[in-house]
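Everything below concerns the one structure shown next.
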Amino acid sequence: MGRMPRSSASTLSAITDEMLAQTIASTAAGDATDEEAELYRRYASRVRLFGLRHLRDQSAAQDLVQQVFVVTLERLRRGEVRNLGAIGSFILGTSRTLAGAQRKIEHRRRGLHETFDDRTAVAMPQAETLDLQRVERCLQTLTPRDRMILILTFYAEKPAADIGAELHIAPAAVRVARHRALTRLRDCVMPEKAI
Amino acid sequence: MTGERCSRGHDVGDLVDYWAGDVEGDQAERIEQRIFECADCGERLAHIEAMSRGISEVVRSGRFHSVLTESLLNRLSRDGMRIRMYTLEHGAIIPCAVWADDDLVVSRLRADFTGVEQVTVALQLESGDELSRVPDIPIAPGQTELLDAVSADRLRQLPPTRLRLVLTGTRAGKEEVLGEYGLEHAGNMAP
Numbered sequence: 000m001g002r003m004p005r006s007s008a009s010t011l012s013a014i015t016d017e018m019l020a021q022t023i024a025s026t027a028a029g030d031a032t033d034e035e036a037e038l039y040r041r042y043a044s045r046v047r048l049f050g051l052r053h054l055r056d057q058s059a060a061q062d063l064v065q066q067v068f069v070v071t072l073e074r075l076r077r078g079e080v081r082n083l084g085a086i087g088s089f090i091l092g093t094s095r096t097l098a099g100a101q102r103k104i105e106h107r108r109r110g111l112h113e114t115f116d117d118r119t120a121v122a123m124p125q126a127e128t129l130d131l132q133r134v135e136r137c138l139q140t141l142t143p144r145d146r147m148i149l150i151l152t153f154y155a156e157k158p159a160a161d162i163g164a165e166l167h168i169a170p171a172a173v174r175v176a177r178h179r180a181l182t183r184l185r186d187c188v189m190p191e192k193a194i
Numbered sequence: 000m001t002g003e004r005c006s007r008g009h010d011v012g013d014l015v016d017y018w019a020g021d022v023e024g025d026q027a028e029r030i031e032q033r034i035f036e037c038a039d040c041g042e043r044l045a046h047i048e049a050m051s052r053g054i055s056e057v058v059r060s061g062r063f064h065s066v067l068t069e070s071l072l073n074r075l076s077r078d079g080m081r082i083r084m085y086t087l088e089h090g091a092i093i094p095c096a097v098w099a100d101d102d103l104v105v106s107r108l109r110a111d112f113t114g115v116e117q118v119t120v121a122l123q124l125e126s127g128d129e130l131s132r133v134p135d136i137p138i139a140p141g142q143t144e145l146l147d148a149v150s151a152d153r154l155r156q157l158p159p160t161r162l163r164l165v166l167t168g169t170r171a172g173k174e175e176v177l178g179e180y181g182l183e184h185a186g187n188m189a190p
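Rendered as structure tokens:
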């Protein structure tokens with residue numbers, strides 16, 4: 000594989016995932032730190048969310064981000080990522096593998112940390128911080144039923160079927176109401192963002 | 000769903016269902032594939048996660064006013080929330096207070112809800128001025144009580160006063176008072 004020309008910081012955000020992956024894959028360790036950081040910027044949040052969804056723990060999700068990027072960068076350099084155009088799928092697959100075997104790899108992870116400490120020292124993806132007083136006020140603008148559905152879903156962690164049974168409505172109606180309520184809440188709490 | 004879609008045309012409702020744990024197996028894997036292929040989907044999922052975390056944190060802190068189900072009340076209690084509960088019968092006036100370590104005050108309002116589908120609960124001062132009003136509360140068949148939860152912090156700010164909870168609803172097309180409940184609020188008690 001030919002060596003890709005280095006990108007300037009100003010153009011990094013405009014280049015494709017494939018070009019980033021190609022540059023990292025064809026460059027000696029330590030020579031593509033900007034591209035590594037850009038790949039991390041693009042995917043770290045998604046890996047963290049994947050980790051949260053499957054591991055249900057903030058610290059474990061943050062650990063997963065580190066593990067996934069250490070493995071991804073290492074395998075890129077070894078030429079073990081066959082389809083660089085599907086680097087997102089590779090990162091997802093790595094996330095699945097590592098999350099599924101998290102306990103087993105704990106020991107290995109410590110070793111990787113020692114070996115690749117410089118590369119894992121990048122900032123962790125930060126979860127968005129909300130103004131809780133605003134969330135509180137905005138929750139009060141919802142109908143009692145919609146408020147209850149959001150609380151049962153995201154605090155009590157109940158599936159739509161259980162919520163439907165509790166509130167005497169169909170699970171499909173719970174899903175529709177939940178999405179609409181969350182959209183209304185988003186519009187109130189962070190009107191500049193889209194869910 | 001609401002029909003909202005990401006920049007690549009994917010249904011955002013699927014992301015909400017995914018985050019809520021309502022999709023598993025192949026369907027969840029397809030959504031995850033989409034999230035890792037579509038940066039906009041990833042960003043929207045981050046917003047959903049932030050909102051869900053915010054809701055959970057507000058509830059954990061007891062800073063909300065909502066009707067509750069029995070299961071939710073049990074869950075809050077299991078999670079260590081300090082809940083002060085008052086059971087109120089129509090027409091009765093009972094003494095009540097909020098202590099320094101209370102998180103939530105729950106009024107268990109008993110009434111005849113037969114034939115009533117939705118009710119409104121209003122919290123009033125003795126003067127008749129309203130402190131809060133929660134309309135359109137759904138009533139389940141066979142329900143005999145309504146659990147109304149108020150943040151203890153909010154009640155701590157009230158001076159000693161008489162409060163009145165008024166429950167109204169529509170039965171056979173006609174609006175009626177289902178219950179009036181008096182609370183002799185003694186204010187914020189020392190620990």
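Here the protein sequences come in this chain order: A and B.
According to numbering that gives the first Met the number 0, numbering within the first sequence proceeds without interruption in unit steps and concludes at 194.
According to numbering that gives the first Met the number 0, numbering within the second sequence proceeds without interruption in unit steps and concludes at 190.
Beta carbons are placed, not taken as given, at the ideal position from N, Cα and C, and that holds for glycine.
CB of residue i within 8 Å of CB of residue j, strictly
| i | j | result |
| --- | --- | --- |
| G50 (chain A) | A36 (chain A) | no |
| E3 (chain B) | T182 (chain A) | yes |
| G178 (chain B) | L166 (chain B) | yes |
| D128 (chain B) | Q117 (chain B) | no |
| L91 (chain A) | L63 (chain A) | no |
| T169 (chain B) | V115 (chain B) | yes |
| R45 (chain A) | I34 (chain B) | yes |
| R52 (chain B) | A126 (chain A) | yes |
| D10 (chain B) | R174 (chain A) | no |
| L122 (chain B) | T160 (chain B) | no |
| V57 (chain B) | L131 (chain A) | yes |
| D30 (chain A) | L11 (chain A) | no |
| Y85 (chain B) | R107 (chain B) | yes |
| C5 (chain B) | D39 (chain B) | yes |
Residue i - partner residues in DSSP beta bridges
| i | result |
| --- | --- |
| V105 (chain B) | B:M84, B:A148 |
| E183 (chain B) | B:P94, B:R161 |
| R132 (chain B) | B:A121 |
| L67 (chain B) | B:L146 |
| V176 (chain B) | B:T167 |
| P137 (chain B) | B:Q117 |
| D10 (chain B) | B:R4 |
| M188 (chain B) | B:W98 |
Burial state of residue i, where buried means 16 or more other Cβ atoms lie within 10 Å
| i | result |
| --- | --- |
| Q21 (chain A) | buried |
| V176 (chain B) | exposed |
| M189 (chain A) | buried |
| M50 (chain B) | buried |
| Q66 (chain A) | buried |
| H167 (chain A) | exposed |
| E135 (chain A) | buried |
| I93 (chain B) | exposed |
| D16 (chain B) | buried |
| S126 (chain B) | exposed |
(message) Any contact between the region 145-156 of chain A and the region 54-66 of chain B? By contact I mean 3 or more CB pairs, one from each, below 8 Å.
(response) yes
(request) Inspect the CB distances between the region 97-107 of chain B and the region 149-166 of chain B and report whether three or more fall short of 8 Å. (result) yes
(request) Taking only runs that begin and end inside the region 21-65 of chain A, name each unbroken alpha helix (DSSP H) of 4 or more residues, in chain order. (result) 32-54
(request) Give a yes or no on contact between the region 71-78 of chain A and the region 149-163 of chain A, applying the rule of three or more CB pairs nearer than 8 Å. (result) no
(message) With three or more beta-carbon pairs closer than 8 Å as the criterion, would you say the region 11-26 of chain A touches the region 73-83 of chain A?
(response) yes
(request) Report the residue ranges of all alpha helix (DSSP H) runs contained in full by the region 123-151 of chain A; include only those spanning at least 4 residues, in chain order. (result) 131-138
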